[in-house]
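> Provided herewith is a single structure, encoded as C-alpha cells, for subsequent inquiry.
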Amino acid sequence: MKKTDKELLNRRKNKIDIIDDNVPMITKATSVTSKKVKFKKAFQTIGKTLKYGKPYHKYLYLAILAIIISTIFELLVPIYIGKCIDNIIGIGNVDFNNLWQTALVLVGFIIISALFSWLTNYWTNLYCFKSAEYLRTIFFNKINSVPLKFIDTNQHGDLLSRMINDVDILTDGILQGLSSIINGIVTIIGTLVCMFILNVPMALVVAFITPLSLFLSLYIAKKAYKMFAAQAKNEGEINGYLEEFISGGRIVKAFNYEKQAVDDFEKINSEYYKASESAEFFSNIANPATRFINGLVYVGVGCAGTLLAINNTVSIGLISSFLNYANTFGRPFNELSVEITELQAAFASADRIFAVLEAEDEKSDENLPEMGKADGNIIVKNAYFSYVPKVKLIKDFNLDVKKGQKIAIVGPTGCGKTTFINLLMRFYDLTDGTIMLDGNVITQVKRNSWRKNFGMVLQDTWLFSATIKENLAYGCPNATDEDIIKICKLTGVHDFVEKLPSGYNTMVTEGGNNISQGQRQLICIARIMLMEPSILILDEATSNIDTRSEIKIQKAFDLMMEGRTTFIVAHRLSTIKNADLILVMNKGNIIEQGTHIELLQKHGFYYHLYNSQFEKVTD
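For the sequence shown, the residue numbers in our numbering are 6 to 624.
The structure is reproduced here in C-alpha cells:
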C-alpha cells in the first residue's frame, strides 16, 4: 500500500524521536521544573564547554585582561567629558590650557579603551574559533570510537548538523557569550563604583531602574529555551532529510517521487520555519524591551539631575557624566539580555553535541595483544546475536572452517548472512558465544589487528573523494605504483583507467558517481587484492559486473583465493558450485551444509532454493 504524506512524515518524526531519546533536554525541554536543577545544569554545560576549550584558555585569560583594561579607561571617559563641559560653561574666563590638557587626556583614554576593546574581540574570536576546531576534531574522533550500532541508528544528516551547526551555535553562544558576560559584569561593577563616588542620589536612581531589564530578559529567556530546543531538533531533521534526498537523487527520479519529496520537504520545512520564527521572536523581543528600560533610566537621571542642579548640588558637567554612565551601565544589561537568549540556543545545541560526545565508546582494547598475520582457521562456537534484545536473529551458531577453504553462505533475504559477516568483522559483538581465528578469541585481541586479516568486497561500492590511485591504496598507503598497476592489470582496472585524461590521478567524486558502477566495483576489488589479506569476504562482489568482466575477475579471484580462507555470500547459486562448503542459512541458523552436489542430493531447502532460479514465472 502506498504511504500517504502524513504516514511518511509521522514515520520520520518517530525516527527522530527515537534518535533523540538520549537527549532529554531537547525532546523534553520542559520536564525540569526546579530552578535549582536548571541553574546547576546550565553551569555544568558551561563547565563541559570550557573543558573542551582548555588548550586555548590562554586566549580567554588575555581577553579578560583586555576587558578589564578597556573598561577602566572607558569609565574614566565620562568624568573627563564632564570636566571639559564644566570648564567651558563654568563661571569666569575659560582656562584653555586646562581644557586642552583635559581634552588630550580624554582622547588618550578613548584610544587606549578602543585598542584593548579590539584586542578583546581578537582574543575572544581566536579562543572561540580554536575551541570550535578542537571540538569538531573531538566529535569526529568520537564518531570513530563509538560502536557501529550508534552510527546505524542515528540519522546521518542529523549527526552532520550536530557537528557543524550545533558546534557553531555552542561556541558563539557560550564562549563568546562568556566574554560578553565578563565584560558586562566588570562594566556594571566599575560604573556603580564611579557613580556612587560622584553622587549617591543619582547613582541610586540608575541602580534601581536599570536591573529591571535583566529580570525582564530572564523571563524572556525562560520562554525562549523551549523554542530554541525545538529549532535545533528541526534543523537536524531537515539536514537529515536533505542528506537522504541528495544521496538518493537517482532513486527519487527513478520512482518519479519528486513531487512527493517536495511535499514531504515542505512539511518538514514548515515545522522548521515555525520553530525558528518563535525562537527568533523571543530572541529579538529582549533588546527592544531593555531599551525601553534604558529610556526610563534617562528620564530618571534627567529629572534627578535637574532638581539637584537647581539646588546647586551638582554641576552640568556632572549631569552629563551621569547620563554617559547611565548609558554605560545600561549597555551590559542590553547585551546580557541578547546573550541570555542566545545562551538558550547554545544550551540546546550543547545537549545535542554532548549526547554524542558522552555516548558509550566501543569497549577499549588498548591492553589487549596485537594479532599477527593469520593462517585462516576460523571456529564459531555457540554464537548468539540479536539487534533488538527481544528478537533473536542468530541462535546457537556453530562453524569450523579450515585454512584455504571456500565457504559459501546462501539463504533467503533476512536469514542472517550479512549479520554473520558483520560479526566476523567485529562490526557488532556477539550476545553470547565466541569466534576464534587461529586460536585467537575475537574479543581478546585488538580490533584493528583482527580486521587486518580480512579483506571485504561488498555489493554496495564506496569510493572517497580522491584520486583513483588514492582510492586503490586506501588500505595499503605504502603500495608502490608498480604494485598498484600490477593488480589493476589483473582485475581489468588498468584497461579503463589508462583511457582517462588524468589516468590514475583522475579525481573521483564522493561515492564515485563520475564513473560507472561496474568500474567502481572493479576498483574496490583491486583495492582489496592489493592488501593481500589472509581471509576474503565476497558479498555479491561481482553482482554489478558484466559477464565478460566477471569471468576475468573470477580468474583473478581464483588466484587470490588460492591458499586463503574465503567466505562468499551469494544470491546467484550458480556462482558457488565449486565452493568447498556451502552453508544454508534460514532465520539465523545453519539448516544445511555440504557441497553443491551433496546438498542437491538431499532434496532439502537448498535443492528447492537452487531450482527456484530456473522456474518459469507464470501469471
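Idealized CB from N, CA, C, for every residue including glycine. Since the model is a prediction, treat every value here as computed from it, not as a measurement.
Got a sec? Which residues, its chain only, sit under 7 Å from residue 280 by beta carbon, not counting five neighbours each side?
One-based indexing of the sequence shown puts residue 280 at position 275. The residues are 232, 235, 236 and 239.
> Per DSSP, which residues does residue 401 bridge with? Please list them.
As a working note, residue 401 is residue 396 in the sequence shown. Looking at the DSSP assignment, residue 401 forms no beta bridge with any residue, so it has no partner.
> Can you tell me whether residue 622 is helix, strand or coil according to DSSP?
Numbered from 1 along the sequence shown, position 617 holds the residue referred to as residue 622. Note that residue 622 has pLDDT 49, beneath the 50 cutoff, so the model's placement of it is unreliable and no number is given.
> Please report the residue range of the alpha helix (DSSP H) in which residue 426 lies.
Position 421 of the sequence shown, counted from the start, is the residue given in the question as residue 426. Here the alpha helix (DSSP H) through residue 426 covers 422-429.
> Could you tell me which uninterrupted alpha helix (DSSP H) segments, each at least 4 residues in length, are contained entirely in the segment 465-528, listed from first to last along the chain?
Segments of the alpha helix (DSSP H) lying fully in the segment 465-528: 473-477, 486-496 and 498-502.
> Going straight from the alpha carbon of residue 355 to that of residue 57, what length do you get?
Taking the sequence shown and counting its residues from 1, the one referred to as residue 355 is at position 350. Taking the sequence shown and counting its residues from 1, the one referred to as residue 57 is at position 52. Their Cα atoms are separated by approximately 12 Å.
> In chain order, what residues of the same chain have a beta carbon less than 7 Å from the beta carbon of residue 508, not counting five sequence neighbours either side?
For the purposes of this step, residue 508 is taken as the residue at position 503 of the sequence shown. Excluding residues within five positions, the ones whose Cβ falls inside 7 Å are 502.
> Where does the unbroken alpha helix (DSSP H) through residue 610 begin, and where does it stop?
To locate residue 610, count along the sequence shown from 1; it is residue 605. 610-616 is the span of the alpha helix (DSSP H), which, as asked, contains residue 610.
> Nearest to residue 605 by alpha carbon, out of 594, 196, 593 and 578?
In the sequence shown, counting from the first residue as 1, residue 605 sits at position 600. Of the listed residues, the one whose Cα sits closest to residue 605 is 578.
> Report the CB separation of residue 398 from residue 593 in whole angstroms; it is logged as a contact under 8 Å.
The residue you call residue 398 lines up with position 393 of the sequence shown. The residue you call residue 593 lines up with position 588 of the sequence shown. Rounded, the Cβ-Cβ distance is 5 Å, consistent with contact.
> Output the distance between the C-alpha atoms of residue 530 and residue 256, rounded to the nearest integer angstrom.
Position 525 of the sequence shown, counting from 1, holds the residue named residue 530. Position 251 of the sequence shown, counting from 1, holds the residue named residue 256. Between residue 530 and residue 256, the C-alpha separation is close to 25 Å.
> Taking DSSP's pairing of strands, which residues face residue 410 in a bridge?
As a working mapping, residue 410 is identified with position 405 in the sequence shown. Residue 410 is not bridged to any residue.
> Give the DSSP-derived three-state secondary structure of residue 435 in the structure shown.
Walking along the sequence shown from the start, residue 435 turns up at place 430. Coil, per DSSP.
> Are the CB atoms of residue 441 and residue 384 within a distance shorter than 9 Å?
On the sequence shown, residue 384 is found 379 positions in, with the first residue counted as 1. On the sequence shown, residue 441 is found 436 positions in, with the first residue counted as 1. Yes.
> With 16 other CB atoms within 10 Å as the buried threshold, where does residue 36 fall?
For the purposes of this step, residue 36 is identified with residue 31 of the sequence shown, where counting begins at 1. Its pLDDT being 36, under 50, residue 36 is placed unreliably by the model, and the measurement read from it follows with that caveat. Exposed, since its Cβ has fewer than 16 Cβ neighbours within 10 Å.
> Buried or exposed: residue 144, going by 16 or more other Cβ atoms within 10 Å of its Cβ?
Taking the first residue of the sequence shown as position 1, residue 144 is located at position 139. The residue in question, residue 144, is buried, as its Cβ has 16 or more Cβ neighbours within 10 Å.
> Given a threshold of 16 other Cβ atoms within 10 Å of its Cβ, counted over all protein chains shown, does residue 308 qualify as buried or as exposed?
Against the sequence shown, residue 308 aligns to sequence position 303. Per the 10 Å Cβ criterion, exposed.
> Between the segment 533-547 and the segment 480-491, are three or more C-beta pairs nearer than 8 Å?
Because the criterion of three Cβ pairs below 8 Å is met, the segment 533-547 and the segment 480-491 touch.
> What residues match up with residue 544 in a beta bridge as DSSP calls it?
Position 539 of the sequence shown, counting from 1, holds the residue named residue 544. According to DSSP, residue 544 bridges with 574.
> Please name the residue, chosen from 71, 132 and 573, that lies closest to residue 63 on a Cα-to-Cα basis.
Here the question's residue 63 lines up with position 58 in the sequence shown. It is 132 whose Cα lies nearest to the Cα of residue 63.
> Kindly identify the DSSP beta-bridge partner or partners of residue 396.
Counting from one through the sequence shown, the residue named residue 396 turns up at place 391. Answer by DSSP bridge pairing, in chain order: 393.
> Would you kindly work out how many angstroms separate the C-alpha atoms of residue 34 and residue 200, rounded to a whole number?
In the sequence shown, the residue the question calls residue 34 occupies position 29. In the sequence shown, the residue the question calls residue 200 occupies position 195. In this prediction, residue 34 scores a pLDDT of 34, lower than 50, which makes its location untrustworthy; the coordinate-derived value is nonetheless stated afterwards. Approximately 41 Å, taken between the alpha carbons.
> Taking just the CA atoms, how far does residue 336 sit from residue 293?
Locating residue 293 in the sequence shown gives position 288, where the first residue counts as 1. Locating residue 336 in the sequence shown gives position 331, where the first residue counts as 1. Whole-angstrom Cα-Cα distance: 12 Å.
> Might you give, ordered along the chain, the residues of its own chain that have their beta carbon closer than 8 Å to the beta carbon of residue 469, omitting 5 neighbours on each side?
Sequence index remark: in the sequence shown, residue 469 carries index 464 (1-based). Cβ within range, chain order: 475, 476, 479, 513 and 515.
> Am I right that residue 586 and residue 600 are in contact with their C-beta atoms under 8 Å? What's the rounded C-beta distance?
Along the sequence shown, read from residue 1 onward, the residue named residue 586 stands at position 581. Along the sequence shown, read from residue 1 onward, the residue named residue 600 stands at position 595. Contact holds; Cβ gap of about 7 Å.
> Quick check on this structure: which residue in 542, 341, 488 and 55 has the alpha carbon closest to the alpha carbon of residue 217?
Here the question's residue 217 lines up with position 212 in the sequence shown. Checking every option, the nearest Cα to that of residue 217 belongs to 341.
> Give a yes or no on whether the C-beta atoms belonging to residue 191 and residue 76 are separated by under 9 Å.
Translated into the one-based positions of the sequence shown, residue 191 becomes position 186. Translated into the one-based positions of the sequence shown, residue 76 becomes position 71. Yes. Within cutoff.
> Where do the ends of the alpha helix (DSSP H) carrying residue 188 lie?
Here residue 188 refers to the residue found at position 183 when the sequence shown is read from its first residue. Its alpha helix (DSSP H) spans residues 182-203.
> Find out if the Cβ-Cβ distance for the pair residue 450, residue 563 is shorter than 9 Å.
Against the sequence shown, residue 450 aligns to sequence position 445. Against the sequence shown, residue 563 aligns to sequence position 558. No, these two residues do not count as a Cβ contact at 9 Å.
> In whole angstroms, what is the alpha-carbon distance linking residue 306 and residue 165?
Here residue 306 refers to the residue found at position 301 of the sequence shown. Here residue 165 refers to the residue found at position 160 of the sequence shown. Taking the straight line joining both Cα atoms gives about 52 Å.
> Consult DSSP for residue 159 and reduce its assignment to one of helix, strand or coil.
On the sequence shown, position 154 is the one that residue 159 refers to. In the structure shown, residue 159 sits in coil (DSSP, three-state: anything other than H, G, I, E or B).
> Please return the same chain residues whose Cβ sits closer than 7 Å to the Cβ of residue 424, not counting the five positions on each side in sequence.
Position 419 of the sequence shown, counted from the start, is the residue given in the question as residue 424. If we look at residue 424 and ignore the five residues flanking it on each side, its Cβ neighbours are 390, 398 and 399.
> Please name the residue, chosen from 119, 358, 380 and 55, that lies closest to residue 406 on a Cα-to-Cα basis.
Within the sequence shown, numbered from 1, the residue matching residue 406 stands at position 401. Considering only alpha carbons, the answer is 380.
> Just the Cα atoms here: how many angstroms apart are residue 300 and residue 182?
As a first step, residue 300 is located in the sequence shown; it is residue number 295 there, counting from the start. As a first step, residue 182 is located in the sequence shown; it is residue number 177 there, counting from the start. So the alpha carbons of these two residues sit roughly 25 Å apart.
> Give me the residue from 259, 378 and 245 with the minimum Cα distance to residue 273.
By one-based count along the sequence shown, residue 273 stands at place 268. Nearest of 259, 378 and 245 to residue 273, Cα basis: 245.
> If you follow the beta strand (DSSP E) that residue 462 is part of, which residue opens it and which one closes it?
On the sequence shown, residue 462 is found 457 positions in, with the first residue counted as 1. Run containing residue 462: 459-462, per the beta strand (DSSP E) assignment.
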